[in-house]
Structures are given as C-alpha cells and as structure tokens.
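These notes concern the structure reproduced below.
Numbering (full-length UniProt numbering), first residue to last: 1 to 1191.
Structural data, given as structure tokens:
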C-alpha cells in the first residue's frame, strides 16, 4: 500500500476540521447549514460563505490526490457543495411569487427571505418581522453559482431552474437604486428597520451580474437556452453608484469592514486601484483593532452597553458604543486571502500570525474561529479612556461558520493547496488590471435614398437602411420590448424582464435573432416621445457623450458598434441639405477621433467580425412570442414609421399622416410679447369669464390647480389683448366656432392656445371635424402643431405643446434615480415647503410626473423644463461627477430661477424677457447654460435674428463660454485676496456712492458706468456667485465635518429659526452622509439662495473655533444674529466713508445690505472679515484672552 504524502496528511487534517466544525451542521435532507447546534435557521449569506471551505477542500483533494480514496473524497465534498446550493435554490424557488412582485415594486415586503428553516426550506419569520431585503445575499449566491459552475460543478438541472436564475438576475440588476438592510441585516445603524442604499449590496450585485453574464448554467452540456443574459448598462449603473459611494458604506455608515468583500475576494467589484487602496486604508485606520476589525463605527452589537431586551437603539445612544465596538476576526481572513491574491507574502504572514493568536484551540486540536471579541463589562471605562488597551473576551457563536470557512480556505491558499485561479475560475481578480484602449465602430446610415444622395453631394458615402439588407436596424425601444420576453415562464408565472430602457452599451452590440443579425440605434436618436432629438446640436452633443461613455465603460470582447441614423429631421428647414452640425460631425468621425474617443467609421457589414454578438435564443422560432412588437404604438410591424426604421421611410409618408392639415398651421411675426407660463392661465380664465362664470366660482374651481387669482384679475382687466373667444346663444363658449377661428389664427402660439382650451374643455379625443374631415381630434392637431414647431425650431412653443400633450422624458425616472443613487436629493418647485416638493427616494414614472406638475403650479412649460433639467443633471452626474462635489440637494426650481436671472444679467433685459428667452433656448443651449452654472464658468450670450416666419417675439440667443481673462478670472478664483483692488478700497467706497444702487437679489444688474470700468465690470459678481452657489446648495469642501466638530462645543446652531442640535453628534459620525443631509435640511429652510450662502460663510468662520482649545463656546449659537451683526459693522464702516442713500439700501426680505451681498469673501473689507469680528463680539465671553490663540 502506498504511503500517505505529507500534503495528503495535512489535507486530511483540514478535512477533519471541516467535518467537525462545518459539515456536522449540514442537514441531510435539504443540505442547508444551520447557524449553530442550538439555532436551526439557515441564512443565505452565511450558508454560501460557510460552504466555500468545502468547495476549496474538494478542489484541493482532486488536485493533490495520492490515491483513489482522495478522488472519492473530492467528489463527496463537491456533492456536499451542490446539495447546499440546490437547497438554497429550493428555498428561493418556493418564493417565486415574491421574485415576480419585487421586480416591479422593489418593496421590502415583496423580497426573498434572508433565512429559512434548515430542515424544511420553509420560511421562519414573517415578511415584516425581519430585515429580509438583502440584495448582497442573493447576489453572493449568484456570484458563487457562476464560479462553481465554471469550476465544473453542475448545480442547475432544468430549464425551469435556468429561467428562475434569469429572474434572480432581474431581481438584483436594479441594486443601484434599491435601499436594503445590507450585509448586517440592520439597514440604518440605529437598527430601527430603516433600509438604506448599501455599497456592499451594490458592489456584490455588480460582481454577480458580470460573473453570470453569458454563462451556460448547464456547463459543457448546455446550449443557447441555458445561457444567462445580463444587460451591460445595468452593470455600469451599479459601478457608477458604487464609485460615488466608496469609501463610504451607506448614508449612516462612513466606513464598513464588510466592504472588504467588495474591493477584494470574492467580488473584486472595484476596478479603480486607487479607490481600492483608499477604502482599504480607511478600514485599517478606523476599524482595525487587536482582535480583528469592527464592523462599523458605533456598532452596538453585543457590546456591554447594548440593551439585550430590545433590537433598536435610541439615536443618542450610539455615542455609548464609541471605542468599545466588538472586533470580528473574520475580517482578518479577508486580508489574508487578499494578500494571497496580491502575492503580498508579508501581508499573508502578518495576518496568519495574527489569526493564530486569537483562534481558540480545543483539547482535541480542533481550531475554532470565534464570532467576535468584546470588552469585558467591568473594563468599559478603561477602554473608553484608552482605546485598544483592554484584553477582550470571545463572545457569540463558536465556531462562527462564516469565519471558520474563510479561515480554512485562506490556509489552503497560503499553503499552496489551491491557486488563486481555482477559487476564481471566472478571473474576477484581474478587474483592476489595465484595460486595452477601446475603438468605437460607428456606422452612419441614411434613413432614405434622398438623404443618402444629399450626403453623397458632400462627398460622404453611406448606406441607406435599405442597402444593408439582410442586416436589419431597429430603434432602442424595440430592443426594450424584446427583452421583456427574456425569462418568461408560464408554469412558474414569471413574466420576464420588466420594461426598462436600454442604454448605449446594450445598443452597441449586434444581436442574432432567429438567424438574422440586428443592430439597434441609441436611445438619444429616438424622436418618438420627447423633443430633445429635434435639436441637431443636441444630437451631436449626446453622440459625443455616448462615444466617450463607450470608450470608458466597454468591458466586453470585441468592439462596440454604434449605429447612427441620419433622419429627415437632420435636414435644414427647407429639406434641401444636411444640417451643418451633422455634416461637421460625420467629417470628424472620418478623422478617427471625436470628443476624445477613438472611432472607426465604416459599413455595418465590415464590422460583423469585430463586433460583440449576443444570441437572443429566447426569441427562437420555437418560442411562442411576437417578434419586434412596439407596445408603445400597438403595432406589430417593425417597419412602420412608429415601430422602427423602414427601408423607404420618407418615401412612404414623409412624416405625419395629417399633412393635409398643414396648410392651417402657418406662422407670421407676432406683435404681442407673450410669456408662456402666464399665457395659458390668462386664456383659460378669460374663457370662463366670457362663459358667464363669476370670479369667485373661478377661484374656487382653480384652487386645486394652483392658479393665482392675480392672473384672473389681470385677465379680466386685459380682455382686449387676448384672443376673441366666440360665444353661443346661451353665452357659453362655442367650441365649433373656436375651431373655425383656428384657421384664421396668425401665429402658431395662438393656434396652440386655442387647442389648449379645446383640450381642457373637450378632451384630447374630441373630433374637431376641421376642414370637413372626420377623425381630426384635438390630439392629432396638437401633434401636427408640435411637428411644425419642431421644423421651425420654436423651442418655447415645443415645450408648451409638450406640456399640453403630457410628453415626458422617456428616462425621467431613471435620471431621477441616478441622481438619488449618487446621494443627490432633488426638489422641484420653488421654496419654501410645501410648495417645494422634496424627492428622496426613487418614484414610479407616473407618480414623478404628477409631483412635478403639482410643484410647478400646473405651469405646463415649467413642468416640461423641470424634466429637461433633471435629465441634464443626470447626464452630468454620470459623466462629470466632480461638478457635484459637496452638493447634496439639487433644487430644480431655484436652478431654473437662477438660469433666468443669469440671462437677464447677460442680455440686460427684464425678468419677463429673460424668462421667455430661457423658454426659447434650444436643448443644447439649455444644457450649456446649466453646465456653466454648475461649474461656475463665465459664459456669454449671442443674439441673432429669427427667421422671418417665426412667431416668437424674443431674440434667438445661444450660449458660449468666455475666455479666461481680466475680471472674470479674478471672480472665478473664489476666496482669494483681491490685493490690487483692496489698495484702492477708499476710492471705491467713494465711487460707489456715485453709482446707481445695485440690483436686488430678484432683479438683473446693469453694467457699470464707463467712468469706472474696473468696478463696473465686477459689479454684481459676488452677489451672483452667492446666488448661484446657494441655488445649487454648494458648500466648501469639508464643511459638514467642520460643522460636526463645532457642534461638539455648543448646544446647537440656530439657522433662520431652525435649530441644528448638538445631540446629532451623539448619533452620527463626522463623515456620515446622513449627518450632511441633516445639516442641509436645516439650511434649506432659507428661501433666498444668497442669504443661505452668507449663513454658510458665517458657519465656516465659526468652525475655525473648533481647533481652539476651548471646551465650550456657549449654548445655542444664532447664526442669523452673527450675519446681521456683521452686516451692521459693514454699514458702519460704509457710513464712516461718507456713504449715504442708495448705497446703504437693504434687501427687504433679509435686511442685509445689497453691497454686503456683493462683497468678496476675503480681504480687509471682505465678508469674512466682518463675520469674524461679529463672532468675536458674539462669543467674547468664551474665547481665550490671548490674541495669538484667536489669530
């Protein structure tokens, strides 16, 4: 008989350890592992981690087999793994109805349970009796299902099980916007059942989606039907949100040791090595102790100060757990495994020795991993005074199966029984490696032969959609419809993937559907719903953004292929040529670089071999589904102009089927200056007045629609300037005569007003019988008017009609979710509450639209513009997250208000003219203006003449960036000393008295006189800067952490009558997002953005005191009082220079001098100088007597 090798003997030792500590808890029927001998529940997460040692040991035996018994032992261990994974599968499949519901509701009551009965696979507690929603647990299961399948294990047996796993993918793919209870089942660390977005859940979901994508669950024995499909855009969403969160773990946890599983084994979810190192460093510096790592700061679990009689904590109670948090040895196993994967022998040796010192050894030689180490109750005070000085005692489960398993696995790796690649067959460990440069393949297709010929006239040879046959092209919405058929199963009552929009990563693949190859155009080229695609400059801009996005985010084999259609809307007004912006874009694409992205332009057929292909086998002929059905229009034909791109699209109809009506819609110059969002209220109120209704009745009727009676009175007094509304014999409005009047209207705007009145009174489906034709409904006429306005580029009118038709941005809910997931709260409407509506959680599309219209006071144009702004903000938060640093709440109403104010300043016009100009900005210019406001860059406005047939009275304007020169550069530099200006400050004080009073915060500021160009160029700049920063809620870097420190030395801060109490520091730590949001909620009670910024400056100066060795600076500090004291000091100094009259004028709302708003922060005469003096006076009794301490 062959003698046993040394390695075999050591493996047998680990096998005994695994048998006596882990497999002894495995149920022989279900395969599930109970938590301990006396606790029979089986947690999903713990079971998966606990079986990893068995999986690793099985592979080690197979690899190092000395004899046949070793191979048998390997098979036995592997089957233990399969049995457990199938046991968990059975538990979840019994809750298939919850998987189906959760895909749509994402409710904590519709989720899979977190734990099951280990003997029966049944649930053990009710839906609302435990924090069941733990996306990371389901994701961990899918991740190791993929890894184990790739290693050769066969866990999934039937196609029904494949379908269920596909639906679990849908279950976790929205993890980036799902608030759950996280890896510790607690949600918010107060343990009061409050779910929150957790980085550990998002990261694990991202890893699982990447691992299982295109994986055949039947292994080598499978085919197309057993392959799992994942949309790459969902993965990228998870990565984007994860990056925005790290190193923070959630809103209530500034760091969490559980993130080790995300940045290293098993997830390897973070590709940015710097971010990995920063997160690891935060864990080591804030959480590591002598016995392991704390889970998170102020974790009360099993500490001597925790009340065992209740689960939840009182918020102020969390301070008691500081410095006595229990330490978990399991986290050192993560560091040990991380050292093996990084080939860091020093780290491996360090943590092996550390673990040997804290493991508990029984008499029979069995090594046990304790759950945690706690401070003995009698030594709590000593630990408070000197953290990490007290010897701790093991507490909790012994062994802790999760930790025990990872300990065995780490030993097998460290001793060479396993290679890193064997427990990571899908190679996730290479996620931080260098990625090859991405070349984006672009194929330009002409919608019709006419457009193809126009392009050829410019020397650009492209194919038409008809030319690429047998290849086919469809819009992105068709692909969204197709994917709803994925994962359907009638037997299990699974409906498949919820209808979600497909991003550019998904449309940049080629798809094999029923043996045909399909390409799909990106979402931004689809003019089906919203008007952004009508702006050719916007199309070009979005193409640039999407190409850059593909370059940075493409992770699949092969190159991305973007199909860019040239449609009839990309022609100039008369349709005789291609729009110059589109032509210039095609020429840049031919150069090989566009917007920083490497591109290659060519025919679609040339890219077949280099593109990434996905076979949508669930649409194969034997599947009972309709192909290419566009649910939006209810048409099955993929080649209708509503359902897709036709081979002869323009030749078949050239646009709208109501072309016979187009002669009614012509536009002439208007002599009346209209303000869109007042016009509708005037028209409708006038209609009711002429119909014989009393003003009281009208006010009562409109009270729920937020119409101001001011407009009603204005309408009543100004009847002569509005449309003549015909009445019938009874004195009521005659709608038939109003239809006849529609033919005689001189402008598109008047036509829109009449149609809006008809829309309100008769509804969208009312048949106008215009021109004697039946079936000409109000909705049809509005659509035709919308088309005409689109051709004329009348953006104000387009937004107005979009509001009437209740058009919405297709991805509005997704855009809102993106912002919220990046920890940016939203408000819509103007302050204060309740008029300003706060959005803190993702909302369904319909509910979100209703909220926006309600907050907009039923002003349809503002409601539409609000959607537009939200979409642009979402685009920027994805592509330029640095714009949003230290901004937690985005107030859309204030942003729109500031945009109008900025236009008034640049155009030197009234607020009404600026509002109309804002509404008439093209989407491209609107996006540019928003960018300049977010970035703080200077911008200029160019006026141009409108076409003769335009009905708008406002000038056509465009936004462009200004160069960095002169005063602009000084203004942009922020808080820097204006030395040269301060030398002549006395001259400026005198010269100010000769200038006109500066603008109030609600009006535009005219330029200075030519005799004082230096001051005139800067006049209003700091007022403007404060107004901008206040509107977008920007604060200095590190502001919230400094506020936390100052609250430690006082009883609270009073801001505009609302108190920020010091007790919040007992619940929250300095770097918590939750604390920052709490501070913002107090600051946002201030309605004036410039006054808010002065308060922020005052608090910032106040926080300098946190570094002074003073135990207390008093009780409640009234920040408003400090600002007003500083303002008084400023006024006194002005008066000492002889200032009188208008220069001393104060803002009525706040009592602050206009010139104080307009003063630079720094310098001898800056606002911070006066704020500092005011603070010294206010806190005189608490400050040190020595001058140098305060300096």
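A virtual CB, placed ideally from N, CA and C, is assigned to each residue, including glycine. As the structure is a computational prediction, the values presented were derived from the model and not from experiment.
TODO: Give me the Cα-Cα distance between residue 267 and residue 1053, rounded to the nearest whole angstrom.
DONE: Residue numbering aside, residue 267 sits at position 267 when the chain shown is read from its first letter. Residue numbering aside, residue 1053 sits at position 1053 when the chain shown is read from its first letter. Taking the straight line joining both Cα atoms gives about 43 Å.
Open item on the list: Mapping the DSSP letters down to three states, classify residue 450 as helix, strand or coil.
Closed with: As a first step, residue 450 is located in the chain shown; it is residue number 450 there, counting from the start. Helix.
Task: residue 484, DSSP secondary structure in three states - done: Here residue 484 corresponds to residue number 484 of the chain shown, with the count starting at 1. In the structure shown, residue 484 sits in coil (DSSP, three-state: anything other than H, G, I, E or B).
Open item on the list: So, with DSSP's three-state summary, where would you put residue 824?
Closed with: For the purposes of this step, residue 824 is taken as residue 824 along the chain shown, with counting starting at 1. Residue state, collapsed to three classes: coil.
Open item on the list: Under 8 Å: do the segment 345-356 and the segment 421-440 share three or more Cβ pairs, one atom per stretch?
Closed with: Counting Cβ pairs under 8 Å, fewer than three are found: no touch.
Open item on the list: Can you find the residues in the same chain that come closer than 6 Å, C-beta to C-beta, to residue 503, ignoring five residues on each side of it along the sequence?
Closed with: In the chain shown, residue 503 corresponds to position 503, counting from 1. The answer, listed in chain order, is 233.
Open item on the list: Taking the alpha carbon of residue 22 as the reference point, which residue from 193, 861, 48, 10 has its own alpha carbon closest?
Closed with: Locating residue 22 in the chain shown gives position 22, where the first residue counts as 1. That would be 48, whose Cα lies nearest to the Cα of residue 22.
Open item on the list: At 3 residues or longer, what runs of the beta strand (DSSP E) sit wholly inside the segment 60-117?
Closed with: Segments of the beta strand (DSSP E) lying fully in the segment 60-117: 115-117.
Task: Endpoints, the beta strand (DSSP E) within which residue 474 is located - done: Along the chain shown, read from residue 1 onward, the residue named residue 474 stands at position 474. For residue 474, the uninterrupted beta strand (DSSP E) segment begins and ends at 472-475.
Task: residue 327 - DSSP class collapsed to helix/strand/coil - done: Position 327 of the chain shown holds residue 327. If DSSP states are grouped into helix, strand and coil, residue 327 belongs with the strands.
TODO: Look at the alpha carbon of residue 566 and the alpha carbon of residue 454, and state the distance between them as a whole number of angstroms.
DONE: Residue numbering aside, residue 566 sits at position 566 when the chain shown is read from its first letter. Residue numbering aside, residue 454 sits at position 454 when the chain shown is read from its first letter. Cα to Cα, the separation comes out at about 11 Å.
- [ ] Return yes when the Cβ of residue 1042 is within less than 8 Å of the Cβ of residue 1110, no when it is not.
- [x] Residue numbering aside, residue 1110 sits at position 1110 when the chain shown is read from its first letter. Residue numbering aside, residue 1042 sits at position 1042 when the chain shown is read from its first letter. No. Outside cutoff.
Open item on the list: Under DSSP, the alpha helix (DSSP H) around residue 551 begins and ends at which residues?
Closed with: As a position in the chain shown, residue 551 is number 551, starting the count at 1. Element bounds for residue 551: 536-553.
Task: Extent of the continuous alpha helix (DSSP H) to which residue 901 belongs - done: As a first step, residue 901 must be located in the chain shown, where it is residue number 901. Residue 901: member of the alpha helix (DSSP H) spanning 892-907, first to last residue.
Open item on the list: Just to confirm, is the Cβ distance from residue 539 to residue 533 under 8 Å?
Closed with: Here residue 539 refers to the residue found at position 539 when the chain shown is read from its first residue. Here residue 533 refers to the residue found at position 533 when the chain shown is read from its first residue. A contact, by the Cβ cut-off of 8 Å.
Open item on the list: Classify residue 614: buried if its beta carbon has 16 or more other beta carbons within 10 angstroms, exposed otherwise.
Closed with: The count along the chain shown starts at 1 and reaches residue 614 at position 614. Taking all protein chains shown into account, residue 614 has 16 or more neighbouring C-beta atoms within 10 Å of its C-beta and is therefore buried.
Open item on the list: Here's the rule: buried if 16 or more other CB atoms are within 10 angstroms of the residue's CB, otherwise exposed. What is residue 557?
Closed with: Your numbering for residue 557 matches position 557 in the chain shown. Counting Cβ neighbours within 10 Å, residue 557 comes out exposed, since fewer than 16 surround it.
Open item on the list: For residue 402, list the residues DSSP reports as bridge partners.
Closed with: The residue you call residue 402 lines up with position 402 of the chain shown. Answer is none; residue 402 lacks a bridge partner.
TODO: Look up residue 1079 in the DSSP assignment and say whether it is helix, strand or coil.
DONE: Along the chain shown, one-based indexing puts residue 1079 at 1079. Residue 1079 falls in the helix class under three-state DSSP.
- [ ] Grab me the residues of residue 1047's own chain with a C-beta within less than 6 Å of its C-beta, minus the 5 sequence neighbours each way, in chain order.
- [x] If you number the chain shown from 1, residue 1047 lands on position 1047. Result list for residue 1047: 1062, 1065, in chain order.
- [ ] Let me know the secondary structure DSSP gives residue 578 once reduced to three states.
- [x] Locating residue 578 in the chain shown gives position 578, counting from the first residue. Three-state result, residue 578: strand.
Open item on the list: Helix, strand or coil for residue 312? Go by DSSP, reduced to three states.
Closed with: To locate residue 312, count along the chain shown from 1; it is residue 312. Annotated three-state conformation of residue 312 is coil, per DSSP.
Open item on the list: Going by DSSP in three states, residue 237 sits in which element: helix, strand or coil?
Closed with: Counting from 1 along the chain shown, the entry for residue 237 is found at position 237. The answer is helix: DSSP assigns residue 237 an H, G or I state.
TODO: Pick helix, strand or coil for residue 740, following the three-state DSSP scheme.
DONE: As a first step, residue 740 is located in the chain shown; it is residue number 740 there, counting from the start. If DSSP states are grouped into helix, strand and coil, residue 740 belongs with the helices.
Task: Boundaries (first-last residue) of the alpha helix (DSSP H) holding residue 355 - done: Indexing the chain shown from 1 puts residue 355 at position 355. Looking at the DSSP string, the run of the alpha helix (DSSP H) that includes residue 355 is 345-358.
Open item on the list: Classify residue 499: buried if its beta carbon has 16 or more other beta carbons within 10 angstroms, exposed otherwise.
Closed with: Within the chain shown, numbered from 1, the residue matching residue 499 stands at position 499. Under this definition residue 499 is an exposed residue.
Task: CA nearest to the CA of residue 1097, picked from 1137, 1030, 1112 - done: Along the chain shown, read from residue 1 onward, the residue named residue 1097 stands at position 1097. Residue 1030 is the option with its Cα nearest to residue 1097.
Task: Where residue 1032 falls: helix, strand or coil (DSSP) - done: Here residue 1032 is taken as the residue at index 1032 of the chain shown, counted from 1. Coil at residue 1032, not helix or strand.
- [ ] Kindly indicate the opening and closing residues of the alpha helix (DSSP H) around residue 1099.
- [x] One-based indexing of the chain shown puts residue 1099 at position 1099. From DSSP, the alpha helix (DSSP H) with residue 1099 extends over 1089-1103.
- [ ] Mind checking who residue 216 pairs with in its DSSP beta bridge?
- [x] Here the question's residue 216 lines up with position 216 in the chain shown. Partner(s): 227.
Task: Cβ-Cβ distance between residue 149 and residue 155 below 8 Å - done: By one-based count along the chain shown, residue 149 stands at place 149. By one-based count along the chain shown, residue 155 stands at place 155. Yes, Cβ-Cβ distance for residue 149 and residue 155 is below 8 Å.
Open item on the list: Using a Cβ-Cβ cutoff of less than 8 Å, which residues in the same chain neighbour residue 461 once the five nearest sequence positions on both sides are dropped?
Closed with: The residue given as residue 461 occupies position 461 in the chain shown. Around residue 461: 455.
- [ ] Measuring alpha carbon to alpha carbon, tell me which of 873, 909, 578, 422 ends up nearest residue 458.
- [x] Counted from its first residue, the chain shown places residue 458 at position 458. Nearest option by C-alpha distance: 578.
- [ ] Return the CA-CA distance between residue 383 and residue 1085, expressed in angstroms with no decimal places.
- [x] As a working mapping, residue 383 is identified with position 383 in the chain shown. As a working mapping, residue 1085 is identified with position 1085 in the chain shown. Answer to the nearest angstrom: the Cα atoms are 41 Å apart.
Open item on the list: Can you find the residues in the same chain that come closer than 8 Å, C-beta to C-beta, to residue 1179, ignoring five residues on each side of it along the sequence?
Closed with: Counting from 1 along the chain shown, the entry for residue 1179 is found at position 1179. 1105, 1113, 1114, 1117.
- [ ] Just the C-alpha distance for residue 924 and residue 537, rounded to the nearest angstrom, thanks.
- [x] For the purposes of this step, residue 924 is identified with residue 924 of the chain shown, where counting begins at 1. For the purposes of this step, residue 537 is identified with residue 537 of the chain shown, where counting begins at 1. So the alpha carbons of these two residues sit roughly 6 Å apart.
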